[in-house]
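Trainee: First the structure, then my questions, so here it is.
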Amino acid sequence: MAKRSGALRFQPSGGERKPQVPVGKKQRLNSERLANDGRGIAFIEGRTWFVEGALPGEEVEARVLAARSQIVEAR
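And the structure:
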């Protein structure tokens, strides 16, 4: 059997992977609006933050409760 030369390998599209936001980290942010469940929503570095108790227009310091690739939950 002949060896294939120049075979293409799968290259995932997209940019670099963002580092995970550590649970317990404190972050200052500005709540822009409310989610349907009443949590404040803020946007930082391409991630959406859902913050319990934050009202639109407020600047708050929130602690990370859980983080996924694009969504951070905080209080």
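No gaps in the numbering here: position 54 of the sequence shown is 54 in the working numbering, and each next residue is one more. Virtual Cβ for every residue (Gly too), placed ideally from N, Cα, C.
Count the other CB atoms, across all protein chains shown, that sit within 10 Å of the CB of Leu-55; report buried if there are 16 or more and exposed otherwise.
Mentor: Burial call: exposed.
Trainee: For Gln-27, report the span of its beta strand (DSSP E) as first-last.
Mentor: Gln-27 -> beta strand (DSSP E) spans 26-30.
Trainee: Taking buried to mean at least 16 other C-beta atoms within 10 Å of its own C-beta, is Ala-62 buried or exposed?
Mentor: Label assigned to Ala-62: buried.
Trainee: Rank Trp-49, Val-23, Arg-28 by C-alpha distance to the C-alpha of Gly-38 and give the top, closest one.
Mentor: Minimum Cα distance to Gly-38 is reached at Trp-49.
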